[in-house]
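Notes follow once the structure below has been shown.
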Amino acid sequence: MMDEKPFLEIDILNPKEAKIAELKKFHKSNFNLDEIFSAASELKYSNEFKNIISSELQNPTDEFTRLFLGKTYSGRLTQSVVKKFKPILKKALNNNINELMNDKIKAALNTDEEPEQKEKTKVLQTEPTEIEEEQRTEPKIITTNEDLEAYFIIKNLLKDIVPMSDITYRDTLTYINILYKDNGRKWICRLVWADNKKALILSNSDKSQEKITLNNIYELENYKDKFVEILNRYIKK
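Quick note: the sequence shown uses this note's numbering, first residue 6, plus one each step.
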């Protein structure tokens, strides 16, 4: 008897490493019927778990909310209390996921920066003095960890609208530009960090701009609807 749902689905245009690893098990040189049966069972439930997690992150159910409140809330868990805490739980869960992603990004960036820094030091020691002087006087565009962190937050907010690869960025001396398909005319927002002040600039439909002051980059999550609205304008063109 075959299941109604396939235990493995692969998008050929957007392959995922984990799924490619599972697909390799079907190669003639690796084929093992027992292992495939075992993998099929594991993937079946793994996919179901992922779907449940995704659904709960978007719209926590009463049962899921009660699970967290049961360990944190000392009062009576009435329906009104559960309803009140649903959006709070949703925000907390998504913030936690974003923080985990950001920590991984920072760790990867720090690992990559070490050999780059050594190479830069080596270049400075061997280049002629004239070039050193020129490099000191010319302004340079520096993409910071905070720039990248903000970029990945927005990228993650829009992942359900377009493929994540469609959201790109270009850094300038004064701001970082978040773009749709690397098109300078299709900018979703601009992020300005100056004098310890942070600002978000949005592109309105009438080509005017809206400037919003931010206390920190995590407040970008509050403007998901705006980002989606702007992105949809470009998609419809």
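The C-beta atom is built at its ideal place from N, Cα and C for all residues, glycine as well.
Local conformation of Lys111 per DSSP, three classes: Locating residue 111 in the sequence shown gives position 106, where the first residue counts as 1. In this structure, DSSP gives Lys111 a helical state, which the three-state scheme calls helix.
By DSSP, does Ile64 sit in helix, in strand, or in coil? Numbered from its first residue, the sequence shown carries residue 64 at position 59. Rather than Ile, the amino acid found at residue 64 in this sequence is Asn. Coil.
Out of Leu62, Asn221, Pro11, Asn209, which has the shortest C-alpha to C-alpha gap to Glu47? The residue given as residue 47 occupies position 42 in the sequence shown. Comparing Cα positions, the closest option is Pro11.
Might you give, ordered along the chain, the residues of its own chain that have their beta carbon closer than 8 angstroms to the beta carbon of Asn35, omitting 5 neighbours on each side? Numbered from 1 along the sequence shown, position 30 holds the residue referred to as residue 35. Setting aside the 5 residues that flank it on each side, Asn35 is surrounded in the same chain by Lys29, each with a C-beta closer than 8 angstroms to its C-beta; the list follows chain order.
Could you check how far apart the C-beta atoms of Ile93 and Phe157 are, in whole angstroms? I think they sit under 8 angstroms. Sequence index remark: in the sequence shown, residue 93 carries index 88 (1-based). Sequence index remark: in the sequence shown, residue 157 carries index 152 (1-based). With 8 angstroms as the limit, Ile93 and Phe157 do not qualify as a contact, their Cβ atoms being about 24 angstroms apart.
DSSP on Glu9, reduced to helix/strand/coil? Against the sequence shown, residue 9 aligns to sequence position 4. DSSP places Glu9 in coil when its eight states are reduced to three.
Using 8 angstroms as the limit for Cβ to Cβ distance, is Tyr78 near chain D? Protein chains in the displayed structure number just one, and chain D is not present.
Assigned exposure category for Leu105 - 16 Cβ within 10 Å defines buried: Position 100 of the sequence shown holds residue 105. When all chains shown are included, Leu105 counts as exposed.
Where does Asn161 land, buried or exposed, given buried means 16+ other C-beta within 10 angstroms? The residue labelled residue 161 in the question sits at position 156 within the sequence shown. Asn161 is buried by the Cβ-count criterion.
Indicate whether Ile181 and Ile172 have their beta-carbon atoms separated by less than 8 angstroms. Within the sequence shown, the letter at position 176 stands for residue 181. Within the sequence shown, the letter at position 167 stands for residue 172. For the 8 angstroms CB-CB criterion, Ile181 and Ile172 do not form a contact.
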